[in-house]
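This report refers to the structure that appears directly beneath it.
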Amino acid sequence: MDSSSNRSVPATVRRWSLSEDTLVEGDPDGPLQVVSRWGEVHLGGADEVVRELLRRMSFGPVSLANIARGTGAVEQRLTGVLELLGGSLVHSLALHDGQAPLLSAVPVSPTAAFRSAPIPPGRPVRLSRFATLRTVEGELVVDAPGASYQVHLHQPLATRVAAALGVPAPVHQLRPGSPAPTPVVADIVEFLVAAAVVVVGEPDGHFAEDRDPVLRLWAHHELLFHTRSRSRHADPPSEALVSGALAAPPTVCKPVPAGKRFPLPRPEPRPAGADEPSLTALLESEHGCPELSDRMLTLEQLGGLLYRSARVRSVRPAYLHTGTSHEASQRPYFNVACLYELEIYVSVGRCAGLPEAVYHYDPLDHVLTMVNDDRAAPGILLDMAKVAAGGVRRPPALLTLTSRMERVAWIFGGAAYATTLTHVGALQQTLYLVAKAMGLSAHAVPVDASGTVDRLLRIDSPAEVSVGECVLDSLG
1 MDSSSNRSVP ATVRRWSLSE DTLVEGDPDG PLQVVSRWGE VHLGGADEVV RELLRRMSFG
61 PVSLANIARG TGAVEQRLTG VLELLGGSLV HSLALHDGQA PLLSAVPVSP TAAFRSAPIP
121 PGRPVRLSRF ATLRTVEGEL VVDAPGASYQ VHLHQPLATR VAAALGVPAP VHQLRPGSPA
181 PTPVVADIVE FLVAAAVVVV GEPDGHFAED RDPVLRLWAH HELLFHTRSR SRHADPPSEA
241 LVSGALAAPP TVCKPVPAGK RFPLPRPEPR PAGADEPSLT ALLESEHGCP ELSDRMLTLE
301 QLGGLLYRSA RVRSVRPAYL HTGTSHEASQ RPYFNVACLY ELEIYVSVGR CAGLPEAVYH
361 YDPLDHVLTM VNDDRAAPGI LLDMAKVAAG GVRRPPALLT LTSRMERVAW IFGGAAYATT
421 LTHVGALQQT LYLVAKAMGL SAHAVPVDAS GTVDRLLRID SPAEVSVGEC VLDSLG
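Number 476 marks the last residue of the sequence shown (UniProt numbering); no jumps.
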């Protein structure tokens, strides 16, 4: 690239622009503030050239040469300003044809730093094993969990080069699918390396990320999920919330499915601590996964557990920090913004008063609705739970937790699934403690296998997806 190449005539030109969420504020004669989602950068003593640079970068990619007019000292000063902007600065690479850039690197971290350097001759290069290619708003993008940039591939040549990097090879051996000048291909690869979505091999041909003892612990999808659900993402927020695409927020409870209904007993109110251990005693007692028994649950036990752990206590309007209102419910377990997107399904094998079947729990009316009366269905799910629990007997019942993603995604966008998993843990902990207080056993097990659970629950995936399970048993 022109900033680091030894060629007298660079094959490409670097351009810079401000990210879409960045604003430049300040008086014409006073200090300037560059404001983005990461915070503010104060530029005191900004002269006319710096102000012109910021003004032009607000409209799109510009080259420093067009601002500095061939003056090396001015260009050096502007380079210093660019280094201060960090996470507010979009880096682009273009040809000398005045057309749109080949590709751009959009910052996804406040500490983003774009450091380009020539690739040592003969070293293999490839996409990081954690990198993904996907479409965002009509463009192909490349991102990786550890990268501080998301790379947008604007032109077909950049796309072909990125695709060719799926196979390790030195730059001069890359085959981007159609004739392309080697210097241009080299500059594109160098740009992708600077954005940390492409890695350079060691002299022995191996790649450091394949040998890293920490990175080897992570599967691609797990590391990607972790970083994208926490902070490093450049995708737009929930479209439903931004555009008002939903005529109304999703309902507090899932509409009751068709099927035979079985009202559940409600436990009698009892004084605190009556005939039950205290919360402290429950928390301080030994935790374990007892052997599954051949005992039968009672309808009173099942009804009492669901009532005390997951029923709807009340429904009332709530207001988000954005000013948006929605109907919220109060239930015994923790849930962010009182959205309560989780649903409970009960696979019954042995429960007095209930036929063997799969049921949906209505937390508003405290009723079970039979959703799958095929007697083989609960057996399949209970067998899966038996294996997951390391037992030799089927448990009497299995609670499967699902998430209505629309209920949570319209607010949390890209963090919706991570938020749902937080809620799953809260509900599982509540079920565990309440069951223990009642002389029951409820412990989490991983059950799902190749979509079997979603199919037998007869839910509409991915609008509603299974996210957790609890095996239910009696302690005698």
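Ideal Cβ positions, reconstructed from N, Cα and C, are used throughout, including at glycine.
Check for me: the beta strand (DSSP E) holding methionine 438 runs from which residue to which?
Per DSSP, methionine 438 belongs to no beta strand (DSSP E) and is neither H nor E.
Option in Gly205, Leu320 and His220 with minimal Cα separation from leucine 339
Leu320
So valine 348 and alanine 397 are in contact, right, with Cβ under 8 Å, and what is the actual spacing, rounded?
5 Å
Assuming contact is defined by CB atoms lying nearer than 9 Å, are leucine 157 and valine 125 in contact in what I supplied?
no
Alpha-carbon to alpha-carbon, threonine 324 and alanine 318
8 Å
Take the Cβ of valine 242 as the centre, count every other Cβ of all protein chains shown within 10 Å, and call the residue buried at 16 or more, exposed below.
Since pLDDT at valine 242 reaches only 48, below the 50 mark, its modelled position is unreliable, and the value read off the structure follows with that caveat. Burial call: exposed.
Assuming threonine 12 contacts aspartate 204 under a Cβ cut-off of 8 Å, what Cβ separation, rounded to an integer in Å, is found between them?
At roughly 30 Å, the Cβ-Cβ gap does not stay under 8 Å, so threonine 12 and aspartate 204 are not in contact.
Going straight from the alpha carbon of leucine 102 to that of valine 185, what length do you get?
11 Å
Could you spell out where the alpha helix (DSSP H) holding leucine 306 opens and where it closes?
299 to 310
Relative to the C-alpha of leucine 292, which residue among Ser109, Gly468 and His443 is closest?
His443
Minimum C-alpha distance to leucine 299 - residue among His326, Pro267, Glu327 and Arg404
Pro267
Aspartate 362, DSSP secondary structure in three states
strand
Selection from Ala281, Leu368, Leu32 and Asp47 that minimises the alpha carbon distance to proline 255:
Leu368
Within its chain, find whatever has a CB closer than 6 Å to the CB of arginine 393; leave out the 5 residues flanking it on each side and keep chain order.
Leu292 and Asp294
Which value, in whole angstroms, describes the spacing of the CA atoms of alanine 163 and valine 199?
14 Å
Is it true that the region 216 to 231 meets the region 174 to 181, where meeting means three or more beta-carbon pairs spaced less than 8 Å apart?
no
Using a threshold of 9 Å, state whether the C-beta atoms of proline 110 and valine 90 are closer than that.
no
Do you know whose CA, among Glu52, Met370, Pro61 and His206, lies nearest leucine 95's CA?
Pro61
Which residues in the same chain as alanine 437 place their Cβ atom closer than 8 Å to its Cβ, once the five residues preceding and following it in sequence are excluded?
Within the same chain, alanine 437 has close Cβ partners Glu276, Pro277 and Leu282.
Coarse secondary structure for phenylalanine 130, derived from DSSP in three states:
coil
Just mark alanine 112 as buried or exposed, buried being the case when its beta carbon has 16 or more other beta carbons within 10 Å.
Burial state of alanine 112 is buried, judged by a 10 Å Cβ sphere holding 16 or more other Cβ atoms.
Between the CA atoms of arginine 270 and serine 309 - distance to the nearest angstrom
Cα to Cα, the separation comes out at about 15 Å.
If we count the other Cβ atoms within 10 Å of its Cβ and call it buried at 16 or more, is methionine 370 buried or exposed?
buried
Of the choices Arg14, Arg51 and Arg56, whose alpha-carbon is the least far from that of proline 31?
Minimum Cα distance to proline 31 is reached at Arg51.
Please identify the residue among Gly439, Pro363 and Leu399 whose C-alpha is closest to the C-alpha of proline 378.
Leu399
Measure the alpha-carbon distance for arginine 123 versus alanine 100 and round it to whole angstroms.
30 Å
So what does glutamate 327 bridge to, in DSSP terms?
Pro317
Report yes if the C-beta distance between alanine 352 and methionine 296 is below 9 Å; otherwise report no.
Contact flag set, yes.
With isoleucine 459 as the anchor, note down where its alpha helix (DSSP H) starts and where it stops.
Premise fails: isoleucine 459 is in no alpha helix (DSSP H) and is neither H nor E.
From the DSSP output, in three-state form, read off tyrosine 340 for me.
coil
What does the alpha-carbon distance come out to for the pair arginine 404 and valine 171?
So the two alpha carbons sit approximately 47 Å from each other.
Using three-state DSSP, classify phenylalanine 262 as helix, strand or coil.
Per DSSP, reduced to three states, the secondary structure at phenylalanine 262 is strand.
Simplified DSSP assignment, three categories, for aspartate 374:
Three-state DSSP puts aspartate 374 in coil, outside helix and strand.
Compute the Euclidean distance between the alpha carbons of alanine 389 and threonine 182, then round it to the nearest angstrom.
57 Å
Quick one: Cα of glutamate 427 to Cα of leucine 153, how far?
Glutamate is not the amino acid found at residue 427; the sequence shown has leucine there. Roughly 43 Å between the two C-alpha positions.
Mind checking which residues open and close the beta strand (DSSP E) that includes arginine 15?
13 to 18
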